[in-house]
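Please read the structure below before turning to the comments.
Residue numbers (my numbering): 5 to 367.
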């Protein structure tokens, strides 16, 4: 296939799904795919065998979840608009409001629907202020129990989302304990609690059974149904971005230009100033660069067994989460196609993008 393209490998996706299934079975928690991280619906048929549904951040994600992913559809947004609330309710099983004010604003139209409220416990595990739900002056959820108590009778559940790539069980355990201490009297009046995403429980060596026991205990002591919203944990290490070297040059370092771009195809690398991941071998250092006109369009520096040359194929690892959902047409760089490697090893192209797609994205 012509590069660039994202290659979703089902044999690498499957271990994540199996860990989610094990956690569901041993903890009693339900797992919803966070579409803000991964919304490539061509593999939803497989994922839906291991997960309970989807959760969203917008009307369009709600509609996609309802249309393409069997199971429950949870609708959350930082703010719902008047013109979209009817569609949100029609396409969801649960609607979660970010503030008590939004809940009150749509109380009448949402009456009879299962409703929840986002609660911000004021603690998180994010190393980036940009991604920290508990950052100063955060707009993400209600943080004061006194502001929540007047609307308790209007909701049956809360959503706490305050983890970010948290691979430390002890840290999660302590955080959940602090939530119980501060909000326990409110939680015990609810029927369901979502603990959000950002718990990296599919990572290598994570104590999955300890997490299951903690979730089961939390659910039992508070008499609630627990939900998790794995995004990155669902698809970590499942996908590569396949690229080709177009040109090389030397400017105090060996530079290779590929037919892709971090700003267009792996935007989080630029936002968080991180390097891409690549399987390395050899002692030949090369800086792999994108083809856009952005000077800092750089995937990172990697070692190779031999000098790179035009035509060489490279695989950027772990390219599923917050990549395809953020891809864009910056510079008119060719949008990566989407391909799937089936469990039997066969590969198939499921979507390509053309000039017409670029043209029609604008006006």
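C-beta atoms are modelled at their ideal positions from N, C-alpha and C, and glycine is treated no differently. Small disclaimer: the values here were computed from a predicted structure and weren't measured.
query, result
"Please determine if the stretch 279-292 and the stretch 356-367 are in contact, where contact requires at least 3 C-beta pairs separated by less than 8 Å.", "no"
"Alpha carbon to alpha carbon, what distance is there between residue 252 and residue 317?", "13 Å"
"Exposed or buried, residue 4, counting other C-beta atoms within 10 Å across all chains shown (16 or more means buried)?", "Residue numbering for the chain in the displayed model covers 5 to 367; residue 4 lies beyond these limits and cannot be assessed."
"Evaluate contact between the stretch 51-69 and the stretch 29-36, counting only Cβ atoms and requiring at least three cross-stretch pairs below 8 Å.", "yes"
"What residue ranges within the stretch 55-106 form continuous alpha helix (DSSP H) runs of no fewer than 4 residues, ordered along the chain?", "63-72, 89-94"
"Can you round the beta-carbon distance between residue 60 and residue 93 to whole angstroms, since I take them to be within the 8 Å contact cut?", "The pair is not a contact, with the Cβ atoms about 13 Å apart (cut-off 8 Å)."
"Near residue 345, what residues of its chain come up, given a Cβ to Cβ distance below 8 Å and the 5 sequence neighbours on each side ignored?", "11, 12, 13, 14, 15, 351"
"Taking the alpha carbon of residue 240 as the point to measure from, which residue in 6, 290, 21, 278 has its own alpha carbon closest?", "21"
"Kindly confirm or deny that the stretch 24-33 and the stretch 209-224 touch, where touching means at least three C-beta pairs closer than 8 Å.", "yes"
"Start and end of the beta strand (DSSP E) containing residue 182?", "Unbroken run through residue 182 is the alpha helix (DSSP H), 173-191; no beta strand (DSSP E)."
"Measure the Cβ-Cβ separation of residue 334 and residue 279 and say whether it is below 9 Å.", "no"
"Let me make sure I understand the geometry here. Which of 168, 342, 222 has the alpha-carbon closest to that of residue 194?", "222"
"What residue range is occupied by the uninterrupted beta strand (DSSP E) comprising residue 230?", "229-232"
"Could you give the uninterrupted runs of the alpha helix (DSSP H) lying entirely in the stretch 272-306, keeping only those of 4 residues or more?", "none"
"Look up residue 332 in the DSSP assignment and say whether it is helix, strand or coil.", "coil"
"Measuring alpha carbon to alpha carbon, tell me which of 110, 99, 343 ends up nearest residue 122.", "99"
"Is the beta carbon of residue 173 sitting closer than 9 Å to the one on residue 167?", "no"
"For residue 46, which residues in the same chain have their Cβ closer than 6 Å to its Cβ, ignoring the five residues on either side in sequence?", "354"
"Please report the straight-line C-alpha distance between residue 305 and residue 258, rounded to a whole angstrom.", "9 Å"
"Taking Cβ to Cβ, would you say residue 204 is nearer than 9 Å to residue 237?", "yes"
"What's the gap between the Cα of residue 290 and the Cα of residue 312?", "8 Å"
"Starting from the Cα of residue 135, find the closest Cα among 165, 6, 91, 68 and give me that residue.", "165"
"Per DSSP, what are the beta-bridge partners of residue 244 in this structure?", "11"
"Hey, out of 89, 324, 274, whose CA is closest to residue 298's CA?", "274"
"Between residue 96 and residue 70, which are expected to be in contact by the criterion C-beta below 8 Å, what is the C-beta distance as a whole number of angstroms?", "7 Å"
"Taking the alpha-carbon positions, what's the residue 50 to residue 211 distance?", "25 Å"
"Between the Cα of residue 201 and the Cα atoms of 128, 90, 225, 187, which residue gives the shortest distance?", "128"
"What three-state label does DSSP hand residue 224 in the structure shown?", "helix"
"Ignore the nearest five residues each way along the sequence and tell me which others in residue 321's own chain have a CB closer than 8 Å to its CB.", "241, 244, 280, 281, 282, 283"
"Who are the Cβ neighbours of residue 288 in its own chain at under 7 Å, not counting the five residues just before and after it?", "307, 308, 309, 310, 311"
"Going by beta-carbon coordinates alone, are residue 246 and residue 7 separated by less than 9 Å?", "yes"
"Would you kindly work out how many angstroms separate the C-alpha atoms of residue 124 and residue 187, rounded to a whole number?", "10 Å"
"Using CA atoms only, rank isn't needed, just tell me which of 18, 314, 230 is closest to residue 348.", "18"
"Would you kindly check if the distance between the Cβ of residue 227 and the Cβ of residue 192 is under 9 Å?", "yes"
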